[in-house]
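S.K.: For what it's worth, my numbering labels the leading residue of the sequence shown as 14, then goes sequentially.
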Amino acid sequence: MAGDKKTAKPRVETKLQVQPGDLLTKWASRVVIGLLLVAFGWLLDSIKHRWYVFDPTELHQLAQAAIASSPNDTAGMIQHIVTNITLTYPSNQIKINVDSSEWVFNNAGGAMGAMYLIHASITEYLIIFGTPLGTEGHSGIHTADDYFNILVGEEWAFRPGALEMERYTPGTVNYMPRGTVKQYKMHEGCFALEYARGMRPRVLICCPKLT
């Protein structure tokens, strides 16, 4: 009965060959999309000021007023800041987090502290950042203008090539324009009101880890 058995035909696998023209079109499309995203990013960056709500000078004055109203009382300073902002900016204009118990750890550049997020949008964020233990690390490359208003404690910083340190005490502000890189140290019990303004998607690229 061997003659009745059918001989199995070997399977022939066919492979699709990628044509050089298809590969070129694929990469050209990627380049075009990339250029469009870059152009869109530059466009947003050029008009970002239209969405700014806060003013750095007014926030600096607010930080100084908080220090004066609640000397040696960090919680009182924070409450003064949040209350003032809530009264100044109506809820239908911006969203303010008034729950000052919402703190999260912040780890970035080898430094660790905790932060309380007061406000965040696509162009700005306003936080309280600090630690009762002290910390030191790398600032990272700032992709937004950053204003670090010291409330209590002391911060030291320096730029590459500087032979003298920068020293910031309560009521002063460590201003870091976009692109600035520093080593910084916050001593024990140092807390600050930090305000950053710029395109937040850029900031998120190097955003600190939150836990």
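We treat Cβ as the ideally placed atom computed from N, Cα and C, and that holds for glycine.
Using a Cβ distance threshold of 8 Å, determine whether the segment 107-127 contacts the segment 154-173, with at least three qualifying pairs required.
M.R.: Judged by Cβ distances under 8 Å, the segment 107-127 makes no contact with the segment 154-173, as fewer than three pairs qualify.
S.K.: Counting pairs of Cβ atoms below 8 Å between the segment 149-169 and the segment 197-206, do you hit three or more?
M.R.: With a cut-off of 8 Å, the segment 197-206 and the segment 149-169 count as touching, because enough Cβ pairs lie within range.
S.K.: Any idea if Gly85 is buried or exposed, counting beta-carbon neighbours within 10 angstroms, 16 or more meaning buried?
M.R.: The question names Gly, yet the displayed sequence has Asn at residue 85. Under this definition Asn85 is an exposed residue.
S.K.: Short check: CB of Asn110 to CB of Ile131, under 8 Å?
M.R.: Yes, Cβ-Cβ distance for Asn110 and Ile131 is below 8 Å.
S.K.: State the DSSP-derived secondary structure class of Arg180, mapped to helix, strand or coil.
M.R.: Three-state DSSP puts Arg180 in a strand.
S.K.: Is the Cβ-Cβ distance between Met125 and His155 less than 8 Å?
M.R.: No.
S.K.: Mind checking which residues open and close the alpha helix (DSSP H) that includes Thr99?
M.R.: Unbroken alpha helix (DSSP H) run through Thr99: 87-101.
S.K.: Expressed to the nearest angstrom, what Euclidean distance is found between the alpha-carbon atoms of Arg215 and Ala157?
M.R.: Residue confidence is low: Arg215 scores 43 on pLDDT, short of 50, so the model does not pin down where it sits. Its coordinate-derived value is still stated next. Cα to Cα, Arg215 sits roughly 8 Å from Ala157.
S.K.: If you follow the alpha helix (DSSP H) that His73 is in, where does it begin and where does it stop?
M.R.: Taken as a continuous stretch (DSSP letters only), the alpha helix (DSSP H) holding His73 covers 69-82.
S.K.: So what's Lys195 in DSSP terms, helix, strand or just coil?
M.R.: Coil at Lys195, not helix or strand.
S.K.: Closer than 6 Å by C-beta to Val66: which residues in its own chain qualify, once you throw out the five before and the five after it? Chain order, please.
M.R.: Excluding positions up to five away in sequence, the list reads Ile107.
S.K.: Taking the straight line between their C-alpha atoms, what separation do you get for Cys220 and Gly153?
M.R.: Note on Cys220: pLDDT 44, under 50, position unreliable in the model; the coordinate value appears next. If I take the Cα positions, the gap works out to 9 Å.
S.K.: How big is the Cα-Cα spacing for Arg210 and Tyr197?
M.R.: When rounded, the distance between both Cα atoms is 20 Å.
S.K.: Only counting the same chain, and skipping five residues up and downstream in sequence, which positions put a Cβ closer than 7 Å to that of Lys195?
M.R.: The answer, listed in chain order, is Ser152, Ala170, Phe171, Arg172, Met189.
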